[in-house]
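Novice: Handing you a structure now.
Number of protein chains: 2
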Amino acid sequence: MKKKRTTIKDIANVLNISPAAVSKALHDDSRISAKTKAAVKRVAKELNYQPNHLASALRKGKSNLVGVIVPRTSSNFFSSVIQNIEEVLNREGYNIIITQSNESFKKECSNIDTLLFTQVDGIIASMANETVDLSYYEKIKSKGIPLILFDRGENDLNVDYIGINDYDSSFMIVEHLISKGCKRIAHIGGFRHTRIFNNRIRGYIDAIHRYNLPHDDDLLIESSLTMEDGRLKMQELLALENPPDAVYIAGDYAALGALQLLKEKNIDVPNDICLVGFGNEPFTSLVTPTITSINQHSEQIGQLAAKTFLERVKMDPLKQTLNKIILDAALIERDSS
Amino acid sequence: MKKKRTTIKDIANVLNISPAAVSKALHDDSRISAKTKAAVKRVAKELNYQPNHLASALRKGKSNLVGVIVPRTSSNFFSSVIQNIEEVLNREGYNIIITQSNESFKKECSNIDTLLFTQVDGIIASMANETVDLSYYEKIKSKGIPLILFDRGENDLNVDYIGINDYDSSFMIVEHLISKGCKRIAHIGGFRHTRIFNNRIRGYIDAIHRYNLPHDDDLLIESSLTMEDGRLKMQELLALENPPDAVYIAGDYAALGALQLLKEKNIDVPNDICLVGFGNEPFTSLVTPTITSINQHSEQIGQLAAKTFLERVKMDPLKQTLNKIILDAALIERDSS
DNA sequence: TACTTTTGCTTAAACGTTTAAGCAAATATA
DNA sequence: TATATTTGCTTAAACGTTTAAGCAAAAGTA
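Chains as they are written, first to last, in our numbering: chain C, 6 to 342; chain L, 6 to 342.
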């Protein structure tokens with residue numbers, strides 16, 4: 006009852022030529038006559054031939070699949086990066102497999118296993134918040150499979166990386182807040198062990214020092230940057246005996262949570278407290294007040310990640326040099342500051 | 006320089022047994038002695054053996070991959086459905102390939118081609134807004150590959166479907182608005198050619214009639230339900246000589262756009278106009294005012310879609326009966342109504 | 001004319017696994 | 001003791017493709 010797929014053999018039988026000739030004809034091999042090629046393609050179409058990807062992947066040792074690992078797809082940033090990766094790779098005949106870690110180290114490891122098992126030709130990833138143990142990523146490298154990190158990367162892993170200049174962006178935000186007259190600027194950051202969040206914290210601290218603002222330990226809080234966490238940490242800041250007049254939060258979702266709390270407490274943003282987020286998620290321009298944020302250039306990051314992968318597979322492995330691409334981010338000023 | 010993968014043959018050589026025995030040992034075949042099994046597994050671990058998925062998929066004619074097609078991953082609804090599909094399928098040894106159509110019919114077709122080419126064992130999909138031509142979906146069915154639709158389905162395609170009761174949800178929303186004292190209720194719906202949107206429109210119309218409210222043609226608008234479109238259609242409604250006192254919008258993003266416009270025009274929600282969305286996206290509880298919406302049970306939908314697929318592949322093809330699962334959705338009342 | 005080269009195909013092996021069939025040895029049954 | 005069954009493996013083919021090697025015929029060259 007099950008339909009047999011048309012194979013290269015079927016085409017060969019119809020035309021009384023060898024399967025090898027058919028394969029070559031379909032790949033426009035120069036040693037096959039134009040007449041045969043035409044005939045093969047005609048019959049292929051007639052029989053509705055679809056190449057068996059598994060067979061060719063097995064034979065060629067190449068699956069034309071690229072794995073993508075993101076903390077989650079629901080954030081606009083990651084979703085947009087993915088979309089751009091896909092666009093670039095599709096053009097070159099690659100397809101992508103998207104997996105989500107949900108910020109869990111365990112899930113991330115199992116995702117890596119899954120992708121390796123599926124025989125992907127490369128992996129493009131942004132690390133989970135939890136991830137500190139890099140042995141799983143080393144595993145990818147040790148298999149000789151190209152690994153490209155973006156956004157959430159790690160300096161210790163000697164791999165290609167595409168991201169924005171977090172330090173500068175952070176510095177820029179603080180300068181912006183100062184220009185608005187803020188004197189006590191707090192920072193709800195991500196966890197320091199993640200490089201990008203560490204850089205944002207460094208940028209914040211250095212800018213504070215540079216402009217001789219109070220560098221109060223209470224004003225710097227590390228967090229998981231979820232919405233709930235944004236609320237919570239904001240509450241902590243408000244409870245200080247000397248609360249801040251501006252809060253820079255290293256993630257838009259957490260900024261949203263914080264804004265929610267401020268509104269509930271009838272604290273006026275930006276008049277009582279200025280607020281700045283990070284990531285330029287679409288909702289930042291939709292809430293009231295709109296939230297000042299940093300545009301991370303998701304489109305470019307996706308495209309560059311894909312192109313870096315393509316370089317890796319195309320180029321001579323010997324003369325490859327590590328790509329560390331750092332883009333300049335843009336501050337998008339809105340009503341919250 | 007390239008590292009050779011460990012194969013079943015390598016293990017066989019070490020132990021001086023046949024590759025077949027190794028394969029069976031790894032699969033706990035009853036005809037292999039416990040001693041041999043133990044030895045095989047020990048050596049497999051020592052040599053860091055990873056089965057070649059392509060080879061086994063080719064041989065077994067089964068890739069253990071399931072394709073998922075969604076309009077976009079950035080909406081929380083789809084992202085959550087995907088996550089739940091993945092969880093259920095992973096437990097059964099399946100992995101998923103996620104693709105996005107971006108609401109484009111062309112992209113959807115190319116996604117289907119990609120997935121078929123990748124030899125997926127099944128496809129779980131939610132259709133793009135644009136899709137009216139179903140021939141590509143027929144193609145999946147004609148290959149004998151299980152196809153399961155969710156949310157955006159199509160009655161003409163005789164396939165499994167999981168969704169919510171759009172008609173009832175719509176009816177419920179209108180009743181809710183009436184209970185709040187609204188007299189002129191408008192509906193910004195999706196396009197009628199998509200079944201779910203048609204059902205929502207029918208629910209709206211029937212409820213309007215049932216409660217003897219004015220059924221003005223101007224009050225019913227079809228739209229693509231993007232944020233921008235929400236703004237635009239809201240503007241149209243406001244421009245009416247007899248504008249509505251309540252608007253029910255068949256998508257949260259469009260509702261957000263509409264809310265934005267209303268706020269800009271200083272129209273008070275809910276006092277001047279009540280607003281209800283659809284989908285219960287996280288931001289509905291975050292904006293001011295919070296938006297009343299419909300919870301679509303993304304978790305259950307994902308789980309059921311995955312389980313339906315598993316049934317399809319496990320069960321005898323002969324005694325299979327079509328699954329049409331319709332869940333009851335829940336109205337989440339918030340400040341906007 | 002005698003050779004080299006090119007063209008256009010074929011043959012056969014390979015990718016790594018699974019599995020049907022088979023076979024000898026061990027064990028059970030009568 | 002003779003026969004049947006079970007156990008534990010092996011052999012070989014198969015999945016559908018690609019590709020190295022090879023070979024005859026055609027075309028080019030001297």
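C-beta atoms are modelled at their ideal positions from N, C-alpha and C, and glycine is treated no differently.
The structure displayed is predicted, hence computed values, not measured ones.
Roughly how far, in whole angstroms, is the beta-carbon of Ser147 of chain C from the beta-carbon of Ala334 of chain C, given that I think they are within contact range, below 8 angstroms?
Specialist: By 1-based counting over the first sequence, the position of residue 147 of chain C is 142. By 1-based counting over the first sequence, the position of residue 334 of chain C is 329. Actually they are not in contact, since the Cβ atoms of Ser147 of chain C and Ala334 of chain C sit about 33 angstroms apart, beyond 8 angstroms.
Novice: Less than 8 angstroms between the beta carbons of His32 of chain C and Ile169 of chain C, yes or no?
Specialist: Within the first sequence, numbered from 1, the residue matching residue 32 of chain C stands at position 27. Within the first sequence, numbered from 1, the residue matching residue 169 of chain C stands at position 164. Not a contact, by the Cβ cut-off of 8 angstroms.
Novice: Strictly by DSSP, which residues pair up with Ile103 of chain C?
Specialist: For the purposes of this step, residue 103 of chain C is identified with residue 98 of the first sequence, where counting begins at 1. Beta-bridge pairing links Ile103 of chain C to C:Val73.
Novice: Counting along the chain, where does the beta strand (DSSP E) carrying Ser298 of chain L start and finish?
Specialist: The count along the second sequence starts at 1 and reaches residue 298 of chain L at position 293. Segment Ser298 to Asn300, the beta strand (DSSP E) holding Ser298 of chain L.
Novice: Can you round the beta-carbon distance between Phe155 of chain C and Val86 of chain C to whole angstroms, since I take them to be within the 8 angstroms contact cut?
Specialist: Position 150 of the first sequence, counted from the first residue, corresponds to residue 155 of chain C. Position 81 of the first sequence, counted from the first residue, corresponds to residue 86 of chain C. Rounded, the Cβ-Cβ distance is 7 angstroms, consistent with contact.
Novice: Taking the continuous alpha helix (DSSP H) assigned at Leu230 of chain L, which residues delimit it?
Specialist: On the second sequence, residue 230 of chain L is found 225 positions in, with the first residue counted as 1. That residue, Leu230 of chain L, is in no alpha helix (DSSP H); it is neither H nor E in DSSP.
Novice: Can you give me, in chain order, the residues of the region 299 to 312 of chain C that have a beta carbon less than 9 angstroms from any beta carbon in chain L?
Specialist: Along the region 299 to 312 of chain C, none of the residues has a CB nearer than 9 angstroms to a CB of chain L.
Novice: Just verifying my parser: in three-state terms, what is the DSSP assignment at Cys279 of chain L?
Specialist: Here the question's residue 279 of chain L lines up with position 274 in the second sequence. In the three-state reduction of the DSSP assignment, Cys279 of chain L falls in the strand class.
Novice: The beta strand (DSSP E) with Asp165 of chain L in it runs from where to where?
Specialist: As a working note, residue 165 of chain L is residue 160 in the second sequence. Unbroken beta strand (DSSP E) run through Asp165 of chain L: Asp165 to Ile169.
Novice: Return the chain-ordered ranges of every alpha helix (DSSP H) run that is complete within the region 78 to 144 of chain L and spans a minimum of 4 residues.
Specialist: Restricted to the region 78 to 144 of chain L, the alpha helix (DSSP H) segments that are unbroken, complete and at least 4 residues in length are 81 to 96 and 110 to 122, listed in chain order.
Novice: Examine chain L for any beta-carbon lying closer than 8 angstroms to the beta-carbon of Ser68 of chain C, and answer yes or no.
Specialist: By 1-based counting over the first sequence, the position of residue 68 of chain C is 63. Yes, contact with chain L.
Novice: In whole angstroms, give me the CA-to-CA distance for Cys279 of chain C and Glu159 of chain C.
Specialist: As a first step, residue 279 of chain C is located in the first sequence; it is residue number 274 there, counting from the start. As a first step, residue 159 of chain C is located in the first sequence; it is residue number 154 there, counting from the start. Straight-line Cα distance between these residues: approximately 31 angstroms.
Novice: Taking buried to mean at least 16 other C-beta atoms within 10 Å of its own C-beta, is His198 of chain L buried or exposed?
Specialist: As a first step, residue 198 of chain L must be located in the second sequence, where it is residue number 193. Exposed, because fewer than 16 other Cβ atoms sit within 10 Å of the Cβ of His198 of chain L.
Novice: Of all Cβ atoms in chain L, is any one closer than 8 angstroms to the Cβ of Val292 of chain C?
Specialist: Translated into the one-based positions of the first sequence, residue 292 of chain C becomes position 287. With 8 angstroms as the cut-off, Val292 of chain C counts as an interface residue toward chain L.
Novice: Would you mind working out which of L:Glu246, L:His220 and L:Lys238 sits nearest Gln265 of chain L, comparing C-alpha positions?
Specialist: Indexing the second sequence from 1 puts residue 265 of chain L at position 260. Of all alpha-carbon atoms in L:Glu246, L:His220 and L:Lys238, the one lying nearest the alpha-carbon of Gln265 of chain L is that of L:Lys238.
Novice: Please give the ranges of any beta strand (DSSP E) in the region 190 to 276 of chain L, keeping only runs that are unbroken, at least 3 residues long and fully inside the region.
Specialist: 190 to 194, 225 to 227 and 251 to 254
Novice: What does Gln105 of chain L touch in chain C if you count any residue whose Cβ is under 7 angstroms from its own?
Specialist: Counting from one through the second sequence, the residue named residue 105 of chain L turns up at place 100. Within chain C, the residues near Gln105 of chain L are Gln88.
Novice: Could you name the residues that DSSP lists as bridge partners for Lys329 of chain L?
Specialist: If you number the second sequence from 1, residue 329 of chain L lands on position 324. Answer is L:Tyr166.
Novice: Check whether chain L comes within 8 angstroms of Lys270 of chain C, counting only Cβ atoms and requiring the distance to be less than that.
Specialist: The count along the first sequence starts at 1 and reaches residue 270 of chain C at position 265. By this cut-off, Lys270 of chain C is not an interface position.
Novice: Measuring only the C-alpha atoms, how far is Ala259 of chain L from Ile226 of chain L?
Specialist: Against the second sequence, residue 259 of chain L aligns to sequence position 254. Against the second sequence, residue 226 of chain L aligns to sequence position 221. Near 12 angstroms, if we compare the C-alpha coordinates of Ile226 of chain L and Ala259 of chain L.
Novice: Along the chain, where does the alpha helix (DSSP H) containing Ala334 of chain C start, and where does it finish?
Specialist: Working through the first sequence from its first residue, we reach residue 334 of chain C at position 329. Careful: Ala334 of chain C lies outside any alpha helix (DSSP H) and carries neither H nor E.
Novice: Kindly indicate which three-state DSSP category Leu309 of chain L falls into: helix, strand or coil?
Specialist: One-based indexing of the second sequence puts residue 309 of chain L at position 304. In the structure shown, Leu309 of chain L sits in a helix (DSSP, three-state: H, G or I).
Novice: Output needed for Gly98 of chain L: all residues of its chain with C-beta closer than 7 angstroms, excluding positions within five of it in sequence on either side, in chain order.
Specialist: For this step, residue 98 of chain L is matched to residue 93 along the second sequence. Result list for Gly98 of chain L: Asn69, in chain order.
Novice: In the region 244 to 267 of chain C, which residues sit with their C-beta less than 7 angstroms from some C-beta in chain L, listed in chain order?
Specialist: Close to chain L, meaning a Cβ-Cβ distance shorter than 7 angstroms, are the following residues of the region 244 to 267 of chain C: Leu261 and Gln265.
Novice: Would Ser109 of chain C pass as an interface residue toward chain L - the criterion being a Cβ-Cβ separation below 8 angstroms?
Specialist: For the purposes of this step, residue 109 of chain C is taken as the residue at position 104 of the first sequence. No, Ser109 of chain C lies away from the interface with chain L (no Cβ there is under 8 angstroms from its Cβ).
Novice: Return helix, strand or coil for Ile153 of chain C, following the three-state DSSP convention.
Specialist: The residue given as residue 153 of chain C occupies position 148 in the first sequence. Ile153 of chain C falls in the strand class under three-state DSSP.
Novice: Under a Cβ-count criterion, where at least 16 other Cβ atoms within 10 Å of its own Cβ denotes burial, should His58 of chain C be classed as buried or exposed?
Specialist: The residue given as residue 58 of chain C occupies position 53 in the first sequence. By the 10 Å Cβ count, His58 of chain C comes out buried.
Novice: Can you tell me which of the three DSSP states Leu20 of chain C falls into?
Specialist: Taking the first residue of the first sequence as 1, we reach residue 20 of chain C at position 15. Here Leu20 of chain C sits in helix by DSSP.
Novice: In chain C, which residues lie less than 8 angstroms from Arg77 of chain L when you measure between Cβ atoms?
Specialist: For this step, residue 77 of chain L is matched to residue 72 along the second sequence. What Arg77 of chain L touches in chain C: Ser84.
Novice: Could you tell me whether the Cβ of Ile16 of chain L comes closer than 8 angstroms to any Cβ of chain C?
Specialist: Along the second sequence, read from residue 1 onward, the residue named residue 16 of chain L stands at position 11. Not one chain C Cβ lies under 8 angstroms of Ile16 of chain L.
Novice: Roughly how many whole angstroms lie between the Cα atoms of Pro294 of chain L and Ser341 of chain L?
Specialist: In the second sequence, the residue the question calls residue 294 of chain L occupies position 289. In the second sequence, the residue the question calls residue 341 of chain L occupies position 336. Whole-angstrom Cα-Cα distance: 6 angstroms.
Novice: Show which residues of chain L have a CB atom less than 8 angstroms away from the CB atom of Gln55 of chain C.
Specialist: The residue labelled residue 55 of chain C in the question sits at position 50 within the first sequence. Simply Leu121 and Phe122.
Novice: Which of helix, strand or coil does DSSP assign to Leu182 of chain L?
Specialist: The count along the second sequence starts at 1 and reaches residue 182 of chain L at position 177. Helix.
Novice: I'd like to check one pair, Ile272 of chain C with Ala263 of chain C: are the Cβ atoms closer than 8 angstroms?
Specialist: Numbered from 1 along the first sequence, position 258 holds the residue referred to as residue 263 of chain C. Numbered from 1 along the first sequence, position 267 holds the residue referred to as residue 272 of chain C. In this structure, Ile272 of chain C does not lie closer than 8 angstroms to Ala263 of chain C by Cβ.
Novice: Does any heavy atom of the ligand NAD sit closer than 7 angstroms to the C-beta of Thr136 of chain L?
Specialist: Of ligands this structure carries none, so the ligand NAD is not represented either.
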